[in-house]
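For the sequence shown, counting from 1, position 210 maps to 213 in our numbering; every step adds exactly one.
All C-beta atoms in this analysis are idealised placements derived from N, C-alpha and C, irrespective of residue type, glycine included.
Every value quoted in this text rests on a predicted model; they were computed, and no experiment measured them.
Heads up, the thing below is written out as structure tokens.
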Amino acid sequence: MKEPEIIGSGAAKVLCVIGTRPEAIKMAPVISAIANCPDLHAHVLMTGQHREIASEALKSFDITQINWLDVSSSSHKLADQAGELLKGINAYMTVHHPKYALVHGDTTTGFVGALASFYSAVPVGHVEAGLRSGELTDPFPEEANRRLADQLCHKLFAPTSIAKDNLLREGLSEDKILTTGNTVVDAVRHLAQKIKPARELHELKNVLGPEKRLALVTTHRRENWGDPMRRICQAIKHMVDTHDDLQVVLPVHPNPVVRDVVEDVLKNVRHVHLVKPLSYEALVALERDADLILTDSGGIQEEAPEFGTPLLILRKTTERPEALTSGLAKLVGTCEQTIADEAAHILKCERTKIDRKNPFGDGHASQRIAAAVENHIKSVH
4 MKEPEIIGSG AAKVLCVIGT RPEAIKMAPV ISAIANCPDL HAHVLMTGQH
54 REIASEALKS FDITQINWLD VSSSSHKLAD QAGELLKGIN AYMTVHHPKY
104 ALVHGDTTTG FVGALASFYS AVPVGHVEAG LRSGELTDPF PEEANRRLAD
154 QLCHKLFAPT SIAKDNLLRE GLSEDKILTT GNTVVDAVRH LAQKIKPARE
204 LHELKNVLGP EKRLALVTTH RRENWGDPMR RICQAIKHMV DTHDDLQVVL
254 PVHPNPVVRD VVEDVLKNVR HVHLVKPLSY EALVALERDA DLILTDSGGI
304 QEEAPEFGTP LLILRKTTER PEALTSGLAK LVGTCEQTIA DEAAHILKCE
354 RTKIDRKNPF GDGHASQRIA AAVENHIKSV H
């Protein structure tokens, strides 16, 4: 993939605002597609969250030219963070004068980036627009962030027809909506072609046993903090106790609210490997090579179908129903017994992989988004 340049000779500047590693992964192929348009200049702005692992994720796509916005607030309160982000992004736009902005998904950075663009009269496109759980506070605050951002954007890049229908039901104009596919499919396909088997990777070769089947577990979401996460961990312990041929890899989120519960229940449990946060390449390799995935992550719900790896979603709701209707995933919540029973049902099969078409895209979403941005800029100049 072509690396975006910081200075484009006469090219229109497209500001790509990114907050977290999942956003970096999904925006990386878009940034590369923009960089391949001779009349556009990709300008990457990261707001300082997940700094090390987010920049590492971008490097996986040969993107190293990153501009950083370090917000001054040390508060964990969402209102304080949003206020600092709004001031910072607005000030950045005032200096750099982008012709277009792109924000992504569900984070506070995405919503505030859209708001700052709106205030600055900069047309803004929402990548992965239209995802809905149907409950304003679940997931929190992501559902509200998505809905608010969509009201402010010039263009809504819906990843699926279901996402488009959500937007239409909310009264948004069809002219504003373009169904593109999900950019994470672009990202996963690009990386999966060059990543070695998980057991051969430096991060994992001294962790994984070759003789056992493999389950990947990730859990970190705010709504699962406390007792729900404890129940998830108890279910994992039950899984390895009842399946001698199973090993579990769980990258432990650094937030103490998550880490303390995970380690309290699962530290020193046989065949459960608690590891530090993994590189994106290692995570994709695990998704590809695993027999089963249990997660409360939104991104993994979209990535796992690319490999046909069965997925148990550790949440009450999901804004990605395509994974459910395709038969590639099941919503199991955080009940210990339900999780253990559903995992056992999958693991009783000798081969767990599911041969289904990925419902989230064809790997060309990023080119569609870049073309739409380029066409708009040409139409107004």
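Item                                                                                                                                                                                 : Value
If you follow the beta strand (DSSP E) that Gly116 is in, where does it begin and where does it stop?                                                                                : Element bounds for Gly116: not the beta strand (DSSP E) but the alpha helix (DSSP H), 111 to 122.
Out of Ile239, Asn227, His107, Asp230, which has the shortest C-alpha to C-alpha gap to Val220?                                                                                      : Ile239
Mapping DSSP to helix, strand and coil, what is Asn70?                                                                                                                               : strand
Quick one: what's His44 bridged to in DSSP?                                                                                                                                          : Lys16
Nearest-angstrom Cα distance between Ala374 and Lys80?                                                                                                                               : 38 Å
Compare the beta carbon distance of Val130 and Val268 with 8 Å and say whether it is the shorter of the two.                                                                         : no
How close, in whole Å, do the beta carbons of Ile92 and Val47 come, if the pair is a contact with beta carbons under 8 Å?                                                            : About 13 Å; that fails the 8 Å criterion.
Could you check whether Thr110 and Asn148 sit closer than 8 Å to each other, using their CB atoms as the reference points?                                                           : yes
Find the nearest neighbour of Arg291 within the set Val278, Glu305, Pro280, Val125, judged by alpha-carbon distance.                                                                 : Glu305
Ignoring anything shorter than 3 residues or poking outside the segment 328 to 384, list the beta strand (DSSP E) runs there in chain order.                                         : 332 to 334
Hey, could you find the ends of the beta strand (DSSP E) Leu171 is sitting in?                                                                                                       : Note, Leu171: premise wrong, no beta strand (DSSP E); alpha helix (DSSP H) at 164 to 172.
Does the separation of the CB atoms of Glu55 and His107 fall below 8 Å?                                                                                                              : no
So Leu88 is in the alpha helix (DSSP H); what residue range does that whole segment cover?                                                                                           : 81 to 99
Enumerate, from N- to C-terminal direction, the unbroken alpha helix (DSSP H) stretches of 4 or more residues contained entirely within the segment 171 to 259.                      : 186 to 195, 230 to 245
Val278: which of Val255, Leu286, Asn271 sits nearest, CA to CA?                                                                                                                      : Val255
Hey, Val261 and His223: beta-carbon distance below 8 Å or not?                                                                                                                       : yes
Hey, would you say Asn258 sits closer than 8 Å to Thr337, going by beta carbons?                                                                                                     : no
I'd like the list of long-range same chain contacts for Ala152, defined as Cβ closer than 6 Å, with 5 residues on each side in sequence excluded.                                    : Gly113, Phe114, Ala117, His129
Might you give, ordered along the chain, the residues of its own chain that have their beta carbon closer than 7 Å to the beta carbon of Leu249, omitting 5 neighbours on each side? : Lys215, Arg216, Ala218, Met242, Val243, His274, Leu350
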